[in-house]
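Student: Take this structure, written in structure tokens, and hold onto it; I'll ask about it next.
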């Protein structure tokens, strides 16, 4: 499929510097020092997804070394790629980081 769908129950915001676009149920807000509508600008160049490289670089959960061999009591492979990107359990996050993200 040649599409990307972003869905939110509230709003979606794109922000760069002081410019931003907010899409919400009430409409679309566009704020910036200069807004080019159907003029100026050009599309960026897409890059291939980095996800496969990220997944290969993830440490093995058994011993912390990427690419290590599984042991008999190892977990079965992840069935959902999203599992690799879920936040770590709170007891593994340093208190300094917990304070930053709990605001």
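In this note's numbering, the protein residues as written are 1139 to 1241. Backbone N, C-alpha and C define an ideal beta-carbon position, used for all residues, glycine too. Computed from a predicted structure; not experimentally measured.
Whole angstroms are fine: how far does the CA of residue 1182 sit from the CA of residue 1145?
Tutor: Taking the straight line joining both Cα atoms gives about 22 Å.
Student: Do you know offhand how far residue 1177's Cα is from residue 1168's?
Tutor: Those two C-alpha atoms are separated by around 15 Å.
Student: Pick from 1161, 1163 and 1154: whose alpha carbon is nearest that of residue 1170?
Tutor: With distances taken between Cα atoms, residue 1170 lies closest to 1154.
Student: Rounded to the nearest angstrom, what separates residue 1152 and residue 1233 at their Cα positions?
Tutor: The straight-line gap from Cα to Cα measures roughly 30 Å.
Student: Just the C-alpha distance for residue 1140 and residue 1156, rounded to the nearest angstrom, thanks.
Tutor: Answer to the nearest angstrom: the Cα atoms are 31 Å apart.
Student: Cutting at 6 Å between CB atoms, please list the residues of its own chain near residue 1148, excluding the five before and the five after it.
Tutor: Once the five neighbours on either side are set aside, residue 1148 has no close Cβ partner at all.
Student: For my contact list, residue 1161 and residue 1150 are in at a C-beta cut-off of 8 Å; report their separation, rounded to the angstrom.
Tutor: Sure, about 5 Å apart at Cβ, within 8 Å.
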